[in-house]
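Protein chains: 4
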Amino acid sequence: MAYTTFESEVTVRPDDIDMNNHVHNARYLDYVLAARYEQMEKCYGMSMEKFTARGFGWVVNTCFIKFKRPLVMGETVRVRTCIGEVADTHARVDFQILRKSNGKLSADGYFDYTLISTATGRAERLPQDVIDMYSI
Amino acid sequence: MAYTTFESEVTVRPDDIDMNNHVHNARYLDYVLAARYEQMEKCYGMSMEKFTARGFGWVVNTCFIKFKRPLVMGETVRVRTCIGEVADTHARVDFQILRKSNGKLSADGYFDYTLISTATGRAERLPQDVIDMYSI
Amino acid sequence: MAYTTFESEVTVRPDDIDMNNHVHNARYLDYVLAARYEQMEKCYGMSMEKFTARGFGWVVNTCFIKFKRPLVMGETVRVRTCIGEVADTHARVDFQILRKSNGKLSADGYFDYTLISTATGRAERLPQDVIDMYSI
Amino acid sequence: MAYTTFESEVTVRPDDIDMNNHVHNARYLDYVLAARYEQMEKCYGMSMEKFTARGFGWVVNTCFIKFKRPLVMGETVRVRTCIGEVADTHARVDFQILRKSNGKLSADGYFDYTLISTATGRAERLPQDVIDMYSI
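Residue numbers (our numbering), protein chains in the order written: chain V, 5 to 140; chain U, 5 to 140; chain H, 5 to 140; chain X, 5 to 140.
As structure tokens, this is what we get:
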């Protein structure tokens with residue numbers, strides 16, 4: 005079974021560049037987070053704010069990332085994400101970060117998110133409408 | 005004498021938000037820096053890379069910023085900058101950060117930059133062509 | 005009238021270093037913030053959490069900073085802060101950032117903070133006990 | 005075969021805290037980086053600067069991290085790292101991040117680093133003295 009891949013653009017900012025003159029490793033996670041926020045609202049129809057309003061939060065429990073090619077100042081990246089799995093209390097989000105200038109892959113990997121109740125801080129079973137929403 | 009005001013857009017990223025659910029104060033400086041980088045190339049015709057290639061660097065010696073209205077997640081900002089003064093070894097850049105959603109002022113202030121020789125690390129008198137370039 | 009100066013140490017982290025191989029300008033604000041948090045609790049006896057518990061928040065309304073000497077990787081800084089003024093709805097915090105290695109001044113400046121009610125978001129007159137606490 | 009585990013302390017800074025009132029996920033990578041920098045110099049006797057002086061650089065090619073318990077403001081963390089493998093052109097660094105306050109595990113994972121020549125940007129076989137240095 006395959007889920008839809010969505011794409012967002014993020015522009016590298018000067019403060020993302022580290023002492024090696026490349027985008028700092030940790031900022032790649034922020035690029036995926038930015039893309040995911042945008043896509044939750046625009047592509048899945050349920051913004052982070054709506055999850056919050058329903059008493060839910062998403063916490064990252066695992067992150068895996070492979071860095072393939074560095075990103076430099078002036079670059080814009082295309083961040084593609086795709087649900088890899090959605091079940092029980094969690095969702096996996098697969099991602100690819102590509103350089104817009106030449107389409108080459110800069111990094112890929114996945115995030116595993118757990119849905120929690122913001123009231124209890126504990127994992128919550130995904131409501132069926134959320135599973136449906138993410139199963140496009 | 006008045007110099008031209010240029011404008012760039014910067015989209016708030018989730019990692020810019022701090023524990024108060026607002027864009028973190030220090031990130032405002034990064035928004036101005038991002039705008040300035042873009043404008044150096046697109047509006048003044050001399051990118052940071054070109055300064056570097058000529059053996060020059062710009063260092064911030066002073067920053068003054070007044071925070072008027074907080075910025076929140078989902079916002080895009082318009083960063084306006086304008087040369088306030090350009091002479092000797094330095095340039096002042098006045099800036100305004102506005103919320104794109106309603107045009108309201110979020111912050112304003114200025115940065116004073118000193119031109120340095122990257123070889124010596126010392127202040128350098130601005131070449132006439134740089135003064136001319138910045139005097140539009 | 006003079007208020008007491010307090011000092012905290014902050015160690016430069018690799019992620020603080022920017023493309024110029026110096027501590028990124030915006031991170032200086034974070035060093036002062038870190039020092040202030042520590043000093044609120046240890047030196048003034050009222051942690052940020054206690055302000056929050058009483059329904060108060062501090063928001064930055066102005067920041068002024070002069071950069072004198074760059075900071076590099078491996079450095080530890082001493083951040084000195086001192087109340088410059090405390091009255092009505094605000095407090096000014098003067099600061100100095102010094103290199104621990106040689107005691108030289110790296111940057112100085114001030115932050116103006118406004119006390120707000122977290123319920124209303126509006127400026128609040130400083131309670132007398134807070135003024136007293138800050139007047140040491 | 006087992007390598008020695010080393011430990012560094014990193015103090016959570018206010019700017020590390022995100023909108024969820026926890027240390028931002030991406031900053032965990034920065035805590036490991038900070039620990040590793042310190043340990044390269046103090047524990048392995050070869051600082052990053054020495055690698056640079058020999059024309060070498062380390063680039064991250066993979067990062068895997070499992071987040072177990074959130075970190076909050078005021079916390080100090082103990083970052084334990086240990087070589088997991090060192091061979092050919094790369095080294096794996098296993099890490100654990102623990103809360104100093106109660107010793108509980110906050111996150112663990114690994115970084116895979118590749119040694120490169122800074123001149124060519126290409127992977128370099130680890131010199132024997134580096135392998136020996138890392139094999140303690």
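Glycine included, every Cβ here is placed at the ideal spot set by N, Cα and C. Keep in mind the model is a prediction, meaning the values are calculated, not measured.
- The beta carbon of C47/U sits closer than 7 Å to the beta carbons of F10 from its chain, once the five residues preceding and following it are set aside; these are given in chain order.
- Contacts between P18/H and chain X, judged by CB atoms closer than 9 Å, involve D34, L37, A38, R40, Y41, M52 in chain order.
- DSSP links T9/X through a beta bridge to C86/X.
- With a threshold of 16 other beta carbon atoms within 10 Å, A95/X meets it and is buried.
- Taking a cut-off of 8 Å on C-beta distances, the stretch 30-40 of chain V touches the stretch 81-95 of chain V, as three or more cross pairs fall below it.
- Closest by C-alpha distance to N25/H, out of M52/H, M77/H, S139/H, K108/H, is M77/H.
- Contact of I135/X with chain U by beta-carbon distance below 7 Å is absent, the smallest such distance being about 36 Å.
- Taking a Cβ-Cβ cut-off of 9 Å, the neighbours of R31/H in chain U comprise A30, given in sequence order.
- Between I69/X and chain U, the shortest Cβ-Cβ separation is not below 8 Å.
- At a beta-carbon threshold of 7 Å, the residues of chain U lying near N25/X are M23, ordered along the chain.
- In this structure the stretch 61-68 of chain U lies against the stretch 116-133 of chain U, because at least three pairs of beta carbons, one per stretch, are closer than 8 Å.
- DSSP, reduced to helix, strand and coil, places D22/H outside both helices and strands of the structure shown, so it counts as coil.
- Looking at the DSSP output, K70/U sits in a beta bridge with D112/U, T66/H.
- When the beta-carbon positions are compared, I87/U and Y138/U come within less than 8 Å of each other.
- Rounded to the nearest angstrom, the Cβ distance from D34/X to R17/H is 6 Å, consistent with a contact under 8 Å.
- 8 Å or more divides the Cβ of D20/X from the Cβ of H28/U.
- Within a 10 Å sphere around the beta-carbon of E42/V sit 16 or more other beta-carbons, which makes this residue buried.
- Counting only residues of its own chain and dropping the five nearest sequence neighbours on each side, F71/V has a CB closer than 8 Å to the CB of N29, Y32, S110, A111.
- The beta carbons of S51/H and E79/H sit about 27 Å from each other, so the pair does not count as a contact at 8 Å.
- At a cut-off of 8 Å between beta carbons, V14/H makes no contact with chain U.
- A direct Cα-to-Cα measurement between G113/X and P74/X gives close to 15 Å.
- The C-beta of Q132/V has fewer than 16 other C-beta atoms within 10 Å across all chains shown, which makes the residue exposed.
- Per DSSP, the unbroken alpha helix (DSSP H) holding D136/X starts and ends at 132-138.
- By the 16-neighbour rule on beta-carbons within 10 angstroms, I140/U is exposed.
- For M23/H, the closest of T56/U, L102/U, F115/U by C-alpha to C-alpha distance is T56/U.
- Within its own chain, the residues whose Cβ lies closer than 8 Å to the Cβ of Y117/X, once the five positions on either side in sequence are excluded, are W62, V63, V64, N65, H94, A95, R96, V97, listed in chain order.
- Contacts with chain H (Cβ-Cβ distance below 9 Å) from the stretch 57-82 of chain U involve G61, V63, V64, N65, T66, C67, F68, I69, K70, F71, K72, P74, listed in chain order.
- No Cβ-Cβ contact shorter than 8 Å links I135/H with C67/U.
- When secondary structure is reduced to three states using DSSP, V36/H falls in the helix class.
- V97/U has I87/U, F115/U as its beta-bridge partners, per DSSP.
- Here T122/V carries a coil assignment [DSSP, helix/strand/coil].
- The DSSP-derived three-state label of R58/X is coil.
- Taking K108/X as the centre and dropping the five residues before and after it, the same chain places the C-beta of R73, L102 closer than 7 Å to its C-beta, in chain order.
- Straight across, the Cα-Cα distance linking V90/V with T8/U is about 52 Å.
- As a beta-bridge residue in DSSP terms, R103/U pairs with V81/U.
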